[in-house]
Amino acid sequence: MCARYSLTSSPQAVSRAFDCAASDDFPPRYNIAPTQPVSIVRLDAKGERELRLVRWGLIPSWVKDPRAYGALINARSETAAGKPSFRGPMRHRRCLIPATGYYEWTGGRGAKKPHLIKLKDQELFAMAGLWETWLGGDGSEIETMAILTTEANGDVAPIHERMPVILERHNYDRWLDCSSGSATGVLDLLRPLPEGRVTATAVNPKIGDPAAEGPDLHQPPIPTLL
Numbered sequence: 010m011c012a013r014y015s016l017t018s019s020p021q022a023v024s025r026a027f028d029c030a031a032s033d034d035f036p037p038r039y040n041i042a043p044t045q046p047v048s049i050v051r052l053d054a055k056g057e058r059e060l061r062l063v064r065w066g067l068i069p070s071w072v073k074d075p076r077a078y079g080a081l082i083n084a085r086s087e088t089a090a091g092k093p094s095f096r097g098p099m100r101h102r103r104c105l106i107p108a109t110g111y112y113e114w115t116g117g118r119g120a121k122k123p124h125l126i127k128l129k130d131q132e133l134f135a136m137a138g139l140w141e142t143w144l145g146g147d148g149s150e151i152e153t154m155a156i157l158t159t160e161a162n163g164d165v166a167p168i169h170e171r172m173p174v175i176l177e178r179h180n181y182d183r184w185l186d187c188s189s190g191s192a193t194g195v196l197d198l199l200r201p202l203p204e205g206r207v208t209a210t211a212v213n214p215k216i217g218d219p220a221a222e223g224p225d226l227h228q229p230p231i232p233t234l235l
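For any residue, its number in my numbering is found by taking its place in the sequence shown, counting from 1, and adding 9.
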């Protein structure tokens, strides 16, 4: 499960890291939540990388009324290629989701503790994603995305049993290339990162509020005085 993530790098850094044209300026985002607009990297009609703004929460193209359908924020990588909601995007509409970290929680109801999970060796990384376009009868159009998840590695397992599929840079081209019309050639990429690559740090509980934003969310929680 991945229900929150961050992208605090500058637009210029994102453009360099993903070898795509610079986008309009956007501020650091410390608390990206489902249904919000997010940046993805995909191939355009010419086969060149582009940075696009879509909504987090995939709506399958066959849905009649998006308002009555629960948006899909994650897709299990083990089964996505065979699921009606994700089968088409797995074959034809794969994307990269730039991120600088993501969040998971431990603890029970009323005592949940958020943790920021980041890569040790690079600030900016890519989660594997799927995107889709929904077209309404009135001509309206909604572009959406979902994050692919896999089983957690040994670093993340004590916090959560799942983690996003994080792609190595040398695999970006292979993941984005949908020219074959098949997902078979990229299924081997849908695996957890090797152990020792990530860190997990307890952060401000305010991260649970989708409206909360700012660098203070990355501060450690204040100890409770007994």
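Ideal Cβ positions, reconstructed from N, Cα and C, are used throughout, including at glycine. On a predicted model such as this, the values are computed, not experimentally measured, just so you know.
### Alpha-carbon spacing of arginine 118 relative to aspartate 53, whole angstroms
44 Å
### Query
Exposed or buried, arginine 236, counting other C-beta atoms within 10 Å across all chains shown (16 or more means buried)?
Since the first residue shown for the chain is 10 and the last is 235, residue 236 is missing from the structure and cannot be characterised.
### Query
On the three-state DSSP scale, how would you describe glycine 223?
coil
### Message
What does the alpha-carbon distance come out to for the pair serine 70 and lysine 215?
### Response
35 Å
### Query
From alanine 220 to aspartate 74, what distance separates their C-alpha atoms?
26 Å
#### Entry: Assumed close pair aspartate 147, glutamate 204 - CB separation to whole angstroms, cut-off 8 Å
Between glutamate 204 and aspartate 147 the Cβ distance is about 50 Å, and since that is not below 8 Å, they are no contact.
### Query
In whole angstroms, what is the alpha-carbon distance linking asparagine 213 and lysine 92?
36 Å
### Task
Whole angstroms is fine: what's the gap from methionine 172's alpha carbon to leucine 125's?
12 Å
### Query
From Ala42, Gln45, Arg61 and Ile175, pick the residue whose C-alpha is nearest to that of arginine 51; which is it?
Arg61
### Message
Please classify arginine 13 as buried or exposed, where buried requires at least 16 other C-beta atoms within 10 Å of its C-beta.
### Response
buried
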